[in-house]
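So the protein lines, in turn, are chains A and B. If you're matching positions, the first sequence starts at 1 in this note's numbering and goes up one per residue. If you're matching positions, the second sequence starts at 1001 in this note's numbering and goes up one per residue. Heads up, the thing below is written out as structure tokens.
Protein chains: 2
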Amino acid sequence: MTPAVTVEEHARRIEQLLAPVIESLGAEPVPLASALGCLTVANIRSDVDLPLFRNSQMDGFAVRAIDVASAPIALEVTGDIPAGHAAPVALIAGTALRIMTGAPMPTGADTVIPVEDTELVLGRDDALEGAIVTVARARSAGEFVRERGSDLRRGDLLLPAGTRLAPRHLAALAAAGVSHVDVRRRLRVGVITTGAELVADDEELALGRIFDANRIALAAGIAETGAIVSIATSSDDDPVTFRRVLDEVIGASDLVITSGGVSKGAFEVVREVLEPLGASVGSVAMQPGGPQGTAVVDSVPVVCFPGNPVSTQVSFAVFLAPILRRVAGLPARSAETRTLASPVQSVAGKRQFLRGVASDDGTVALVSGPSSHLVAAMARADVLIDIPVETTRLEAGESVAVWML
Amino acid sequence: MTPAVTVEEHARRIEQLLAPVIESLGAEPVPLASALGCLTVANIRSDVDLPLFRNSQMDGFAVRAIDVASAPIALEVTGDIPAGHAAPVALIAGTALRIMTGAPMPTGADTVIPVEDTELVLGRDDALEGAIVTVARARSAGEFVRERGSDLRRGDLLLPAGTRLAPRHLAALAAAGVSHVDVRRRLRVGVITTGAELVADDEELALGRIFDANRIALAAGIAETGAIVSIATSSDDDPVTFRRVLDEVIGASDLVITSGGVSKGAFEVVREVLEPLGASVGSVAMQPGGPQGTAVVDSVPVVCFPGNPVSTQVSFAVFLAPILRRVAGLPARSAETRTLASPVQSVAGKRQFLRGVASDDGTVALVSGPSSHLVAAMARADVLIDIPVETTRLEAGESVAVWML
């Protein structure tokens, strides 16, 4: 066992352990339909003008402004330009063309009279041919016309590198004809929970056995931070089993998280297997979550958490969630300040993360005790109360830092 | 056309339209591994005590407190209780049993001496049989023992109804042996974008045609609010095509969103098909997004948005995202107050939603103009600036309400 390090030191160690993996993540092209929440890796410039062509902003009549300057005035309607119209159309001076929103402006026309400002008398057999439109008011040249490139010009920046793709970004990409986008590859994170006491999926509960809370807690935590769960599985305390499972998970993952098997007991399978491979396993000055480890196996970083369910969850929240969120482009969470509803005891020399419930009145109350097996109490909490390493007691009414769960 | 209604009136109409669907959504059982972010529909009580059995909080030695009251004292070690141990073990008075964290406490023992407070001399051939442990300090009865049910008792509330399942909730369910959880069924929302100008996936761009920005914008928006995109597809302006597509999408959806085809033009396919079925299509006093509609077809609500891409996105943000977020148990978004960086013009009689960028200094600046075709500018915005219906001008430095995108 190496001597106890601080939470900050261990967090830095994990940062350094993951830095090469994160730096070499690279990019992959994904279709827009799968890109929500992904992170662009480079500036994306538009290959087209937006709008693609000069078009009408309104349903109405395309005219020359000069022909309606003395409105009210009646003009002959010489045709129709629906949206999606393919053939280029020219306006005959002194006449009008009916036009739909988004339809290409006819050459020669410089304004659109909205349908609300017109009255249409159809021709024989209610045909548009021979119809007469009366325009109620004059318009300046350019009104209700969307010029080609008025939103964005070809070559302009469409989205900067590092954009976390929201619906409005995907809409802009789609509008510019982009079907695939290069995004940062998502981290594939594997999970191995350890312990002979864990009941496997196909086993019955027996004395001394427990259901595995850590596998789902870690897998869901990984998914919540935008990474991919490569494999989430379990191992008993047999080193041969653990090594076999580890090799399988490492082969599918950029990062592996283990739970359990790193403390001072007699059957510490993670420590037993990883220490000969150069792992650093030791004590971090925190509660819950004291025993922690890091290793690199076949170039894949392995982060080892203790096995008590609350320890595992707090370790993930403190050491990995901030890194995974940053990699996924999610905003960093920062501590908030709350007022203690009741006094708190803590252990000197350990940074304590107590489970609490924050109220709308700015106070925070403890949920149950500090013990790391209280997994149901953890579910009732909505914050971790962060008690500094040197503090042994805080009174009701004192300020504390809390981290939202 | 019905006369213009206010944004608030149209929002209430959509609320009422969706209320029966939301009320009848019902529940479905899902495995824990698929339940992240889902909403529990009923109180979940525990079928078991947690912990399941009395167990050790530490790696160390199970003893009787009375036997170590005069510590330091040496005790014979009579065996080993690893975690996962199945057979019940009894402690012989005056001796110790080595025990691992989480292992079942032997009957007769009432405390655990942490390994740090002990020194072990192994027996012949380094065997645990015949070993002697020296206990450095006394402990009270109950120390380092986790009593059965001390976290939660069988029948106690594990999670209340309406819990949006986070990793810590899934961990507690798993710990209690729950493998499936009844959650509110997610809304299946279908999308039909309309317009002869939309280029289909297998088509080349041509004059007058545009790429479809609305399909991905709506699909991604639906996914972001926790609902399921049943089908996202498109139709041209032919009523027969639209009706066929509508029937297909309705069959797979609890709610259908359309874009386009609801304004005053000559080829308004959504209005043309839905008005004979009782749709209400009319004008809402807002910009962008004026033309809006609602219908019920085969008992499925249909919400009709205008087709300009910015209008579609703003309509979704204003009318549907708040409802879908509430159904998914996501927190409601509330408006924030910012200071205008420059003057703003608005149209009397219309509530205006302008695209803006909020700065850390509390100001908000306009992004490009108010026109509803500026889809690239929309991508650069991070807020909608909400200009009240009666306001026609605001000066730089005045306060405005903004909605985060």
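By construction, the Cβ of each residue, glycine as well, lies at the ideal position given by its N, Cα and C atoms. Please read all numbers here as calculations on a predicted model, not as lab measurements.
Confirm, please, whether the CB-CB distance from I1323 of chain B to G1036 of chain B is below 7 Å. Translated into the one-based positions of the second sequence, residue 1036 of chain B becomes position 36. Translated into the one-based positions of the second sequence, residue 1323 of chain B becomes position 323. Note that residue 1036 of chain B is Leu in the sequence shown here, rather than Gly. No; because the gap between Cβ atoms is not below 7 Å, this pair is not in contact.
Give me the DSSP bridge partner(s) of V1281 of chain B. Mapped onto the second sequence, residue 1281 of chain B falls at position 281. According to DSSP, V1281 of chain B bridges with B:G1293.
With burial defined as no fewer than 16 other Cβ atoms inside 10 Å of the residue's Cβ, what is the status of L75 of chain A: buried or exposed? Residue mapping note: residue 75 of chain A aligns to position 75 of the first sequence, counting from 1. Taking a 10 Å sphere around the C-beta of L75 of chain A, we find 16 or more other C-beta atoms and assign the residue as buried.
Could you compute how far the alpha carbon of A1266 of chain B sits from the alpha carbon of A1213 of chain B? As a position in the second sequence, residue 1266 of chain B is number 266, starting the count at 1. As a position in the second sequence, residue 1213 of chain B is number 213, starting the count at 1. If I take the Cα positions, the gap works out to 22 Å.
Report the rounded CA-to-CA distance for M1 of chain A versus I257 of chain A, giving the unit in angstroms. For the purposes of this step, residue 1 of chain A is taken as the residue at position 1 of the first sequence. For the purposes of this step, residue 257 of chain A is taken as the residue at position 257 of the first sequence. Note that M1 of chain A scores 44 on pLDDT, short of 50, meaning its location in the model is unreliable; the coordinates nonetheless yield the value given after this. If you take the alpha carbons of M1 of chain A and I257 of chain A, they lie about 20 Å apart.
I'd like to know whether the C-beta of I1210 of chain B is nearer than 7 Å to at least one C-beta of chain A. Locating residue 1210 of chain B in the second sequence gives position 210, where the first residue counts as 1. For I1210 of chain B, the answer is yes, since a Cβ of chain A falls inside 7 Å of its Cβ.
So, does the stretch 180-192 of chain A touch the stretch 15-32 of chain A, judging by three or more C-beta pairs under 8 Å? Output reads yes: the stretch 15-32 of chain A touches the stretch 180-192 of chain A.
At a CB-CB cut-off below 7 Å, which residues of chain A make contact with L1170 of chain B? Here residue 1170 of chain B corresponds to residue number 170 of the second sequence, with the count starting at 1. The contacting residues are I216, A217, A220.
Taking C-alpha atoms, which residue in B:V1302, B:G1079, B:V1347 lies nearest to V1191 of chain B? For the purposes of this step, residue 1191 of chain B is identified with residue 191 of the second sequence, where counting begins at 1. It is B:V1302.
3 or more residues per run - each beta strand (DSSP E) lying fully within the stretch 1171-1245 of chain B: For the beta strand (DSSP E) assignment, the uninterrupted runs of no fewer than 3 residues enclosed by the stretch 1171-1245 of chain B are, from N- to C-terminal side, 1180-1184, 1188-1194, 1228-1235.
Please identify, using Cβ separations under 9 Å, the residues of the stretch 1072-1095 of chain B that lie next to chain A, in order along the chain. Listed in sequence order: D1080, I1081, P1082, A1083, G1084, H1085, A1086, A1087, P1088.
Taking C-beta to C-beta, are A1109 of chain B and A1138 of chain B nearer than 7 Å? Within the second sequence, the letter at position 109 stands for residue 1109 of chain B. Within the second sequence, the letter at position 138 stands for residue 1138 of chain B. No. Outside cutoff.
E129 of chain A - containing alpha helix (DSSP H), residue span: Start at 1 with the first residue of the first sequence, and residue 129 of chain A comes out as number 129. In the DSSP assignment, E129 of chain A falls outside any alpha helix (DSSP H) and carries neither an H nor an E.
Expressed to the nearest angstrom, what Euclidean distance is found between the alpha-carbon atoms of R355 of chain A and C38 of chain A? As a first step, residue 355 of chain A must be located in the first sequence, where it is residue number 355. As a first step, residue 38 of chain A must be located in the first sequence, where it is residue number 38. Each residue's alpha carbon lies about 32 Å from the other.
Beta bridge counterpart(s) of N1055 of chain B as assigned by DSSP: Against the second sequence, residue 1055 of chain B aligns to sequence position 55. Beta-bridge pairing links N1055 of chain B to B:P1104, B:R1146.
The beta strand (DSSP E) enclosing R98 of chain A, as first and last residue numbers: Your numbering for residue 98 of chain A matches position 98 in the first sequence. Element bounds for R98 of chain A: 95-99.
Taking Cβ positions, are A252 of chain A and S230 of chain A nearer each other than 7 Å? Start at 1 with the first residue of the first sequence, and residue 252 of chain A comes out as number 252. Start at 1 with the first residue of the first sequence, and residue 230 of chain A comes out as number 230. Between A252 of chain A and S230 of chain A, the C-beta gap is smaller than 7 Å, which places the two residues in contact.
Cβ of G265 of chain A within 7 Å of any chain B Cβ: The residue given as residue 265 of chain A occupies position 265 in the first sequence. Judged by the 7 Å Cβ criterion, G265 of chain A is in contact with chain B.
Taking 8 Å as the limit between beta carbons, can you name the residues of its chain near G155 of chain A, skipping five residues before and five after? As a working mapping, residue 155 of chain A is identified with position 155 in the first sequence. Closer than 8 Å at the Cβ level, and outside the excluded window around G155 of chain A, lie R45, S46.
Output yes or no for whether 7 Å exceeds the beta carbon distance between A1406 of chain B and N1043 of chain B. Residue 1406 of chain B lies beyond the range of chain B shown here (1001 to 1405); nothing can be said about it.
Do the stretch 1146-1153 of chain B and the stretch 365-377 of chain A touch if we need at least three Cβ pairs shorter than 8 Å? Touching, yes, given that three or more Cβ pairs across the two stretches are closer than 8 Å.
At a Cβ threshold of 7 Å, is D1151 of chain B touching chain A? Counting from one through the second sequence, the residue named residue 1151 of chain B turns up at place 151. It does; some Cβ of chain A falls within 7 Å.
Checking 7 Å against the spacing of the C-beta atoms, do S407 of chain A and N308 of chain A come in under that value? Not covered by the structure: residue 407 of chain A. The range shown for chain A is 1 to 405.
Whose C-alpha, out of A:L91, A:L165, A:T111, A:R188, is nearest the C-alpha of H180 of chain A? Mapped onto the first sequence, residue 180 of chain A falls at position 180. When the alpha-carbon of H180 of chain A is set against those of A:L91, A:L165, A:T111, A:R188, the nearest one is in A:L165.
Against chain A, with Cβ distances strictly below 7 Å, would G1293 of chain B count as a contact? For this step, residue 1293 of chain B is matched to residue 293 along the second sequence. Interface with chain A (7 Å Cβ-Cβ cutoff): G1293 of chain B is excluded.
For S123 of chain A, which residues of its own chain have a beta-carbon under 7 Å away from its beta-carbon, when the five flanking residues on both sides are left out? Looking up residue 123 of chain A in the first sequence gives position 123. Reading off the sequence shown, one finds Gly at residue 123 of chain A, where the question assumed Ser. Cβ neighbours of G123 of chain A within its own chain (closer than 7 Å, five residues either side excluded): E129, G130, A131.
For Q16 of chain A and P1106 of chain B, what's the separation of their Cα atoms in angstroms? The count along the first sequence starts at 1 and reaches residue 16 of chain A at position 16. The count along the second sequence starts at 1 and reaches residue 1106 of chain B at position 106. Taking the straight line joining both Cα atoms gives about 44 Å.
What's the gap between the Cα of E246 of chain A and the Cα of G282 of chain A? Looking up residue 246 of chain A in the first sequence gives position 246. Looking up residue 282 of chain A in the first sequence gives position 282. The amino acid occupying residue 246 of chain A in the given sequence is Leu; Glu does not appear at that position. Taking C-alpha positions only, L246 of chain A is separated from G282 of chain A by approximately 20 Å.
Using a C-beta to C-beta distance shorter than 7 Å, which residues of chain B count as neighbours of P51 of chain A? Against the first sequence, residue 51 of chain A aligns to sequence position 51. Going along chain B in sequence order, the residues near P51 of chain A (Cβ under 7 Å) are H1373.
Using the beta-carbon of each residue, which ones in chain A are nearer than 8 Å to Q1287 of chain B? Against the second sequence, residue 1287 of chain B aligns to sequence position 287. Think of a sphere of 8 Å around the beta carbon of Q1287 of chain B: no beta carbon from chain A falls inside it, the nearest being about 12 Å out.
Please confirm if D59 of chain A has its CB atom under 7 Å from at least one CB of chain B. Position 59 of the first sequence holds residue 59 of chain A. Closer than 7 Å: yes.
By the DSSP assignment, the beta strand (DSSP E) with A1358 of chain B in it spans what residues? Here residue 1358 of chain B refers to the residue found at position 358 of the second sequence. Where A1358 of chain B is concerned, the enclosing beta strand (DSSP E) stretches over 1351-1358.
Chain B contacts from the stretch 121-142 of chain A (Cβ-Cβ distance under 8 Å): Per Cβ criterion, the list is empty.
Could you work out which residues of chain A lie near E1119 of chain B, taking near to mean beta carbons separated by less than 9 Å? Start at 1 with the first residue of the second sequence, and residue 1119 of chain B comes out as number 119. Under the 9 Å cutoff, chain A gives no residues; its nearest Cβ is about 13 Å from E1119 of chain B.
Helix or strand or just coil, what does DSSP make of S259 of chain A? Locating residue 259 of chain A in the first sequence gives position 259, where the first residue counts as 1. Residue state for S259 of chain A is assigned as strand, using DSSP reduced to three classes.
Chain B beta carbons: is any one of them nearer than 7 Å to that of V115 of chain A? If you number the first sequence from 1, residue 115 of chain A lands on position 115. At least one C-beta of chain B is nearer than 7 Å to the C-beta of V115 of chain A.
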